[in-house]
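Residue numbers (the working numbering), protein chains in the order written: chain A, 71 to 384; chain B, 71 to 384.
For each residue, glycine too, the CB sits at the ideal point set by N, CA and C.
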DNA sequence: GTCGATTAGTTGACAAGGTCAACTAATGGG
DNA sequence: CCCATTAGTTGACCTTGTCAACTAATCGAC
């Protein structure tokens, strides 16, 4: 029965401690649902009704996993209080179409207001930076605990802001070391690239895109002026975090670069990459790049094959 | 009633969503407490008894916030099952000293094992990197939601690893921009400093310390060889995150530097800082540095006063 | 069409978890 | 010594939620 990996132990311990503490926290939070006459289950039913034009009891009990009998009584209470109206369904005369009434909506508004105020009271003392950190942490926990597949739609591209270059170096450094066992001279290279980028940054001819998912930095790419040739752009530091793989993010980032380069008047884009980064090659190929040269070299503590890819812009 | 800051709204929304989801998660998690014959409350009482040699009912109900009558019944059940023994207290013959029995401990072990297994089942598919991220995220959430004062004891100093330099740049870049309104040329400078550090790193004469609190990077400092003078060390990039202020971390980091410099045979340590960083000055002063020179300069988008501090090592 | 299986919703019975107040017995301060 | 207080127990009761039996409508197969 050697089911549990012992190296997981510290994580398990903090996870359990967190769960204990959060159980207590949510207990007081949901205590007599925000000091109203509603139970948590009732609140959830009302919320469900408020977010749909019309529902049947069946659908509610399915979604919320409530016992049919229990739900029936909750709905009876709501009907009596005038919070929902109930008409026999046209299609199926066993079922009843439930709709929230004007009063029902008023109650939901009150509940929402209270819940918002309650949440704010915990969060109001946070600085803007802490707020971002907090959102990021919540989404990280959710993703792992609920095994949530992140939605591609929730990824936002934006330009760089202070602090971003550091994250770029961090992700590149930690990522390639973990995945390919490179040493930290690679991190040094990344740091130098971003330092150069910031210092010589020409907003008309150069750009950096940061991909964020729920405020978390999950990818990036740079397009910069080639140091020697004025009509050539260089694509650098393309990165997609493991948390956001398989969502076409790499392609999206490269496409942004190509489009920008075209608009900026470049005639050619070039990039340098490594032979082992096959996932990236597919992206470059799909975007229209072609492999021009390969040369072996020893860098980052490994024997690697450097590749130069190019793309002519029409 | 304009109590709530509107810019907090997105954070509040994700916080509430998280709470809803976590309520459900903990509900299934604690459902009939791990499929044993114990309720969650019973489990907590037993846990409390297992972690203390001897307790009185009063203490338990205080700590766990349980109703006295309810607790009494829970304890009656435990006594009947032989999980706790109960002797009238010597000091106060109203009260009873409760102790967990051998059988009781066996039950706790079983519960713990199950809880561990359950937690592992959520976490086992994580990579080492994700595990660290997860621990970090949990501790960030805890700190904000439970307003936990971090314990100075929980801060660990270690040397740099891959990914750390990026975090250094990130924290410096985001931190000084947020606090003092500097522009991102400062981040560029930080990136260049860490790139130089990694490339020329001499482990005998140079060092970087990373301060971690619950796996989160909350501070750092560098001690490097002075570029011109062989007998002089340079202290660079001292940083203490707002989350770890007031715990003497800055002092601890500087002291580490001084001690290392002494052991490495340096005769002098020098550092360059800015006039507005008064909190840091106190630390340097306390460590034995003296302000040598000041000169105004325009950098990072601001008018600043550069300061050179030095310390002779005996 | 019609018959049996299925489904929507309701209802009664009941169990688990938890609260409240009254009670006993011991303590402790004036 | 007396009265207010405290530790713990117990009975009454409430809320939440489950289960199974029930009615009424529907659906599919023949």
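Exposure of residue i, with buried meaning 16 or more beta-carbon neighbours within 10 Å
i, result
"residue 249 of chain B", "exposed"
"residue 222 of chain B", "exposed"
"residue 140 of chain B", "exposed"
"residue 220 of chain A", "buried"
"residue 72 of chain A", "Reliability of the predicted coordinates at residue 72 of chain A is poor, the pLDDT of 40 falling under 50, and the value obtained from them is presented with this limitation in mind. Classification for residue 72 of chain A: exposed."
"residue 362 of chain A", "exposed"
"residue 277 of chain A", "buried"
"residue 87 of chain B", "exposed"
"residue 352 of chain A", "exposed"
"residue 201 of chain A", "buried"
"residue 145 of chain A", "buried"
"residue 99 of chain A", "buried"
"residue 157 of chain B", "exposed"
"residue 92 of chain B", "buried"
Residue closest to residue i, alpha-carbon to alpha-carbon, out of the options
i, options, result
"residue 265 of chain A", "B:284, B:376, B:256", "B:256"
"residue 246 of chain B", "B:259, B:323, B:234", "B:259"
"residue 110 of chain A", "A:339, A:185, A:126, A:146", "A:185"
"residue 180 of chain A", "A:365, A:127, A:220, A:117", "A:117"
"residue 254 of chain A", "B:254, B:253, B:267", "B:267"
"residue 272 of chain A", "A:293, A:105, A:289", "A:293"
"residue 234 of chain B", "A:261, A:226, A:136, A:347", "A:261"
"residue 240 of chain B", "B:333, B:146, B:96, B:288", "B:288"
"residue 372 of chain B", "B:326, B:252, B:148", "B:252"
"residue 305 of chain A", "A:356, A:380, A:284", "A:380"
"residue 208 of chain A", "B:232, B:312, B:83", "B:83"
"residue 78 of chain B", "A:195, A:359, A:212, A:149", "A:195"
"residue 299 of chain B", "B:172, B:122, B:335, B:161", "B:335"
"residue 370 of chain B", "A:269, A:360, A:178", "A:269"
First through last residue of the alpha helix (DSSP H) which encompasses residue i
i, result
"residue 354 of chain A", "348-357"
"residue 166 of chain A", "Not the alpha helix (DSSP H): residue 166 of chain A falls in the beta strand (DSSP E), residues 166-170."
"residue 129 of chain B", "127-134"
"residue 317 of chain A", "Here residue 317 of chain A belongs to no alpha helix (DSSP H), and DSSP marks it neither H nor E."
"residue 143 of chain A", "138-151"
Rounded Cβ spacing between residue i and residue j (contact assumed at less than 8 Å)
i, j, result
"residue 291 of chain B", "residue 323 of chain B", "4 Å"
"residue 210 of chain B", "residue 315 of chain B", "At roughly 16 Å, the Cβ-Cβ gap does not stay under 8 Å, so residue 210 of chain B and residue 315 of chain B are not in contact."
"residue 345 of chain A", "residue 364 of chain A", "7 Å"
"residue 192 of chain B", "residue 174 of chain B", "About 28 Å separates the two Cβ atoms, so there is no contact after all."
"residue 205 of chain A", "residue 168 of chain A", "Residue 205 of chain A to residue 168 of chain A, Cβ: 34 Å. No contact."
"residue 332 of chain B", "residue 280 of chain B", "About 21 Å separates the two Cβ atoms, so there is no contact after all."
"residue 337 of chain A", "residue 383 of chain A", "6 Å"
"residue 236 of chain B", "residue 358 of chain A", "Between residue 358 of chain A and residue 236 of chain B the Cβ distance is about 31 Å, and since that is not below 8 Å, they are no contact."
"residue 96 of chain A", "residue 114 of chain A", "Incorrect: roughly 13 Å between the Cβ atoms, too far for contact."
"residue 368 of chain B", "residue 376 of chain B", "At roughly 10 Å, the Cβ-Cβ gap does not stay under 8 Å, so residue 368 of chain B and residue 376 of chain B are not in contact."
Any chain A beta carbon closer than 8 Å to residue i
i, result
"residue 229 of chain B", "no"
"residue 212 of chain B", "yes"
"residue 247 of chain B", "yes"
"residue 359 of chain B", "no"
"residue 232 of chain B", "yes"
"residue 73 of chain B", "Bear in mind that the predicted position of residue 73 of chain B carries a pLDDT of just 49, short of 50, making it too unreliable to give a figure here."
"residue 367 of chain B", "no"
"residue 152 of chain B", "no"
"residue 240 of chain B", "yes"
"residue 269 of chain B", "yes"
"residue 136 of chain B", "no"
Range of the contiguous beta strand (DSSP E) that encloses residue i
i, result
"residue 373 of chain A", "372-382"
"residue 385 of chain B", "What is shown of chain B runs 71 to 384, which leaves residue 385 of chain B out entirely."
"residue 365 of chain A", "360-369"
"residue 157 of chain B", "154-158"
"residue 305 of chain B", "302-310"
"residue 229 of chain B", "225-229"
"residue 343 of chain B", "338-344"
"residue 282 of chain B", "277-283"
Minimum Cβ-Cβ distance from residue i to chain B less than 8 Å
i, result
"residue 255 of chain A", "yes"
"residue 349 of chain A", "no"
"residue 132 of chain A", "no"
"residue 199 of chain A", "yes"
"residue 325 of chain A", "no"
"residue 109 of chain A", "no"
"residue 140 of chain A", "no"
"residue 120 of chain A", "no"
"residue 92 of chain A", "yes"
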